[in-house]
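There are 2 protein chains.
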Amino acid sequence: MPDKVTIATVARHARVSRQTVSNVLNAPHIVRQETRQRVEDAIAALGYRANQAARQMRTGRSRLIAARIEPTRDGINGSVLDRFLHGLTETADAAGYRVLLYTAPDDEREIATYDDLLGTYELDAFVLVGTKYGDPRTAWLADRDVPFVTFGRPWDALDAHPWVDVDGAAGTGAATRHLLAAGHRRIAFIGWPLGSGVGDDRRAGWHDALRNAGVDPTGLHRETEDGIAEGERLTRDLLAAVAPTAVLCASDSLALGALQAIRGTDPPVSVIGFDDTPVAAAVGLASVSQPLGEAAARCVDLLTGVLDGNHETPTHVLLQPSLALRHTA
Amino acid sequence: MPDKVTIATVARHARVSRQTVSNVLNAPHIVRQETRQRVEDAIAALGYRANQAARQMRTGRSRLIAARIEPTRDGINGSVLDRFLHGLTETADAAGYRVLLYTAPDDEREIATYDDLLGTYELDAFVLVGTKYGDPRTAWLADRDVPFVTFGRPWDALDAHPWVDVDGAAGTGAATRHLLAAGHRRIAFIGWPLGSGVGDDRRAGWHDALRNAGVDPTGLHRETEDGIAEGERLTRDLLAAVAPTAVLCASDSLALGALQAIRGTDPPVSVIGFDDTPVAAAVGLASVSQPLGEAAARCVDLLTGVLDGNHETPTHVLLQPSLALRHTA
DNA sequence: TATCCGAATTGGATCGTTCAAGACGGCGAG
DNA sequence: CTCGCCGTCTTGAACGATCCAATTCGGATA
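Same order as they appear, the protein sequences are chains A and C.
Heads up: the first sequence is residues 1 to 329, going by my numbering.
Heads up: the second sequence is residues 330 to 658, going by my numbering.
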């Protein structure tokens, strides 16, 4: 078994000092071209890799980013996080960072986990998915000047910290206009209870699009917790009350319920969901699609911007969703 | 800003040496009860956390486990990995390990990633999901004595390395017996092409259950690549050829296709899928359910067994799936 | 009382890297 | 000619933990 290859091994092999090897790695421009070449050859020949633990001891930076993986709730929306995580891993990798997973059952325990991860592993940054009004987690991180980015706007203070989000209102707006263009007028909306930033945003897109088209949205919307059963229940309710010709939903879960409720209507009631989950693709449900890979990439961009000191980079990114048209629309 | 709390800070505060603090952390039994108490109080009072990088430099162990996160392919089966990862993170956490993510487009690049992760981060172990005949990845890892566990049996050499798996044949067997008990006789099976360990296993469960019940399975099965469209096509084919009264599938993707193909048959043809994905739950598809959380937990058990030197622990774990009965069965 | 023993504790060296400071030669300016 | 400066490279120290060998100490034994 060959000895471990350290920076000293490389130095001996290239006939320079340890520090020069270190400079080749971290500040190549201050090393003479010829020397640098010799060192790089030695690195390649020996298969040297910088030991992250040792580096971290001096620099205090771990090149590690933490992201939370949540338990699959109803399992449908979980895939959104899944796809986001995959994009995050890929982009972070390219930027020289690795993604560390953690879980936590509630906010308090999540903050305790932050503390632990920071103290033990000296994590460089956190990526949070979703925030709520007055989120204690972002407050805690901001208090301690821990770099972090959220995927999802901080609805109460847009300038509080860097974030990436997808313009939900634009998505529901586009879906609504698509339905209007197809001749629909009684376009209903099933969303979440007032007060969730994301839900209100998605409803607003539908609401404003109808208004702009001269259609009165009064009576055409319902609110509920997320879930297939709820979607089905409220769709039946809507069918009985206002006989909509199309139903737009704040999530694919709700939309799947809607699909079951409208089965057999003639002419068929159109349904459009939100998130373009695999389930939607599987059953042919039209849905508003979020660019999750792009969102993840921009999160990494923002983080590296903060971590590498490029404070000029923008700190807010709002991406545009697209409409995945399938036979239910 | 308070100074960083190191083992020396704790030592001063508790009026002992650094080594004693270290002993309290790593070998509590050799420290006198009273001293230990004083040190533990100091640790709590100061909020001390051992610096992982420094520890790693001496011990060479990072307390980090790597797992691969794959791109969501057709998105339906992706959620299986998602749930497994969540369980893995939770259990590893409890065992004092953290999960690091990586991705790789192919085997060759995956092995290069192993090399990088081992060299740079000194990872303690890998968890691989799924293996194939003659897998180059497990061979590479085994060659270098890198600890790893696979979720999925190595079909060509069951004793080659530690693994955890779910008994697919038992799952399809149980599903078949359920259908037999309900009076079905012409129970068809749609699976993957011969030669994939997982697919062959699932087919065998169905095949043997039929045989044991005195039913001849000849002509009742079809093989194809995974996918909804394929499932639909082959189900139509089966309906025309042998008029099955029930269809068992090797995946939920195939089963979803089957569901579309049997729509309107009277009496309704039963359909059972495999994996109990969120999609199955959403559309009411009966499916064989794998205990993913349990599988993840056992993976961590096996790894900690190897890492902490308990070579007595079993190295193979075969878990039993259950049947999620829904209205399609 | 002297000696010894083992348990408990101590100080120094070490892991592999980067930081801080200094050494060296050559070059241009005074 | 001398000085200082710049570009280039080298040396010693430090990060925070654990390992190793040495030391202290209370108590049992001869």
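C-beta atoms are modelled at their ideal positions from N, C-alpha and C, and glycine is treated no differently.
Please read these numbers as outputs of a predicted model, since none were measured by experiment.
Practice prompt. Starting from the C-beta of L210 (chain A), find all residues in its chain whose C-beta is less than 7 angstroms away, skip the five residues before and the five after it, and write them out in chain order.
Written response: T176, I187 and P217
Practice prompt. Measuring only between beta-carbons, confirm whether H366 (chain C) sits less than 9 angstroms from chain A.
Written response: The sequence shown places Gln at residue 366 (chain C), rather than the His named in the question. No, no contact with chain A.
Worksheet item: Can you find a CB in chain C that lies within less than 9 angstroms of the CB of N26 (chain A)?
Response: no
Discussion item. Which complete beta strand (DSSP E) runs does the stretch 228-257 of chain A hold, if anything under 3 residues is left out?
Written reply: Runs of the beta strand (DSSP E) spanning 3 or more residues and lying entirely within the stretch 228-257 of chain A occur at 246-249, in chain order.
Fill in: For H327 (chain A), the three-state DSSP class (helix, strand or coil)
coil
Worksheet item: Taking only beta-carbon atoms, is I262 (chain A) less than 9 angstroms away from chain C?
Response: Answer no: the Cβ-Cβ gap between I262 (chain A) and chain C never drops below 9 angstroms.
Practice prompt. Quick one: residues in its chain with C-beta nearer than 7 angstroms to the C-beta of Q56 (chain A), no 5 flanking neighbours on either side, listed in chain order?
Written response: S62 and E122
Practice prompt. Answer yes or no: does any C-beta atom of chain C fall closer than 9 angstroms to that of D266 (chain A)?
Written response: Output row for D266 (chain A): interface = no.
Worksheet item: Leaving out five residues before and five after M330 (chain C) in sequence, what residues of the same chain have Cβ atoms less than 6 angstroms from its Cβ?
Response: Because M330 (chain C) carries a pLDDT of 47, less than 50, the predicted location of this residue cannot be relied on, and the following value inherits that uncertainty. Excluding sequence neighbours, M330 (chain C) sits near nothing in its chain.
Practice prompt. May I have a chain-ordered list of the beta strand (DSSP E) segments no shorter than 3 residues that lie completely inside the stretch 56-98 of chain A?
Written response: 64-68
Worksheet entry | Test item: CB-CB of S253 (chain A) and G231 (chain A) under 9 angstroms | yes
Item to complete: Quick one: give me the first and last residue of the beta strand (DSSP E) that A454 (chain C) is part of.
Response: A454 to V458
Fill in: Counterpart residues of I519 (chain C) in DSSP-defined beta bridges
C:R551 and C:C578
Worksheet entry | Proximal residues of chain A, C-beta to C-beta of H415 (chain C) below 8 angstroms | I69, E70, P71, T72 and T103
Item to complete: Go through its chain and collect everything with a Cβ distance to L215 (chain A)'s Cβ below 7 angstroms, but skip five positions before and after it.
Response: A small correction: the amino acid at residue 215 (chain A) is Val; Leu does not occupy that position in the sequence shown. Same-chain partners within the cutoff: R185.
Worksheet item: In chain order, what residues of the same chain have a beta carbon less than 6 angstroms from the beta carbon of A590 (chain C), not counting five sequence neighbours either side?
Response: E561, T564 and R565
Discussion item. Please tell me whether L88 (chain A) and C249 (chain A) are closer than 9 angstroms, where the distance is taken between their beta carbons.
Written reply: no
Discussion item. For E232 (chain A), would you say it is in contact with chain C, using Cβ-to-Cβ distances shorter than 9 angstroms as the test?
Written reply: no
Practice prompt. Go ahead and pull the three-state DSSP assignment for D445 (chain C).
Written response: helix
Worksheet entry | Alpha-carbon to alpha-carbon, D370 (chain C) and S22 (chain A) | 41 angstroms
Fill in: Through-space distance from G257 (chain A) to P573 (chain C), alpha-carbon basis
30 angstroms
Worksheet item: Going along chain C in order, which residues have a C-beta closer than 7 angstroms to the C-beta of V279 (chain A)?
Response: P607, V608 and A611
Worksheet item: What three-state label does DSSP hand Y102 (chain A) in the structure shown?
Response: Strand.
Practice prompt. Using only alpha-carbon positions, find the residue among C:A343, C:A575, C:T657 and C:G638 that is nearest to D453 (chain C).
Written response: C:G638
Fill in: Min CB distance S582 (chain C) to chain A below 9 angstroms
yes
Worksheet item: If the cut is a Cβ gap below 7 angstroms, which residues of chain C does Q52 (chain A) touch?
Response: T449 and Y450
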